[in-house]
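**Student:** Starting off with a structure, shown below.
Next comes the structure, spelled out in structure tokens:
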């Protein structure tokens, strides 16, 4: 396994919340797990550090990066703007096949909501949002939005476990899908910004619900 393969696997696990912020990524354990030498492990950790997913601390090792409360709020604010812009452009630029795909990606989440399949819904949610990023037909915007989304993933996953958030998210997706597929740029932008910051619920309640060990208390 190359360092790039290893980086992609660890990135996937961090992004899906399988490895939570604050977790120490032990080099020896990783070499044993993946059957590789320390060199690709160290290279992979350096790559993750450059992506801001991992923090390398001198003489202590590599840790999945935590965020301060202010950093978290700031990043959600920027995420709302990026997603809103993606939605506005997608409403203007999506072709018919992309609109049909977005409708399909929304509808397949309905049974996941009914079954309270949080993990399945989150994976489908990622596909739904990435279809919007792609539909913006702006590769730079799409890449930047995905990069920030990845950094916020452990926290965004927790949003879905708030009271009735799964149902609300599904309903919001329905409205977003309608706005984009009907070409309503302003509404798509507004709905996506609101959707990301959970303004229909309470963002402050969401922040208060976060486990304290996911937040950098020293910042």
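Numbering (the UniProt record's numbering), first residue to last: 1 to 219.
Here a beta-carbon is modelled for each residue, glycine too, at the ideal position from N, C-alpha and C.
Roughly how many angstroms lie between the CA atoms of residue 1 and residue 60, to the nearest whole one?
**Tutor:** Roughly 25 Å between the two C-alpha positions.
**Student:** Is the distance from the Cβ of residue 193 to the Cβ of residue 81 below 8 Å?
**Tutor:** A contact, by the Cβ cut-off of 8 Å.
**Student:** Under the three-state reduction of DSSP, which class applies to residue 64: helix, strand or coil?
**Tutor:** Looking at residue 64 - three-state DSSP - the assignment turns out to be strand.
**Student:** From residue 200 to residue 104, what distance separates their C-alpha atoms?
**Tutor:** Confidence at residue 200 is low in this model, with a pLDDT of 46, below 50, so the placement of that residue should be treated as unreliable; the coordinate-derived value is given next. So the two alpha carbons sit approximately 24 Å from each other.
**Student:** Take residue 14 and list the residues in its own chain whose beta-carbon comes closer than 7 Å to its own, dropping the five residues that flank it on each side.
**Tutor:** Within the same chain, residue 14 has close Cβ partners 53, 64.
**Student:** Quick test of your reading: residue 220 and residue 36, contact by CB under 8 Å. State the CB separation rounded to the nearest angstrom.
**Tutor:** Limits of the chain in this structure are 1 at one end and 219 at the other, which puts residue 220 out of reach.
**Student:** Rounding to the nearest angstrom, what Cα-Cα distance links residue 215 and residue 125 in this structure?
**Tutor:** Cα to Cα, residue 215 sits roughly 24 Å from residue 125.
**Student:** Over what stretch of residues does the beta strand (DSSP E) that includes residue 73 continue unbroken?
**Tutor:** Element bounds for residue 73: not the beta strand (DSSP E) but the alpha helix (DSSP H), 69 to 93.
**Student:** Starting from the C-beta of residue 133, find all residues in its chain whose C-beta is less than 7 Å away, skip the five residues before and the five after it, and write them out in chain order.
**Tutor:** Closer than 7 Å at the Cβ level, and outside the excluded window around residue 133, lie 86, 142, 145, 146.
**Student:** Just reading off the beta strand (DSSP E) that residue 132 is part of, what are its end residues?
**Tutor:** Counting along the chain, residue 132 falls outside any beta strand (DSSP E), though it belongs to the alpha helix (DSSP H) covering 118 to 135.
**Student:** For the region 111 to 128 against the region 154 to 168, do three or more pairs of beta-carbon atoms, one drawn from each stretch, fall closer than 8 Å, so that the two count as touching?
**Tutor:** Segments in contact, yes.
**Student:** Using DSSP bridges, identify the partner residues of residue 149.
**Tutor:** For residue 149, which the question treats as bridged, DSSP gives no partner whatsoever.
**Student:** Between residue 32 and residue 196, which are expected to be in contact by the criterion C-beta below 8 Å, what is the C-beta distance as a whole number of angstroms?
**Tutor:** About 39 Å separates the two Cβ atoms, so there is no contact after all.
**Student:** By a C-beta neighbour count over all protein chains shown, 10 Å radius and 16 as the cutoff for buried, is residue 50 buried or exposed?
**Tutor:** By the neighbour-count rule (16 or more Cβ atoms within 10 Å), residue 50 is not buried but exposed.
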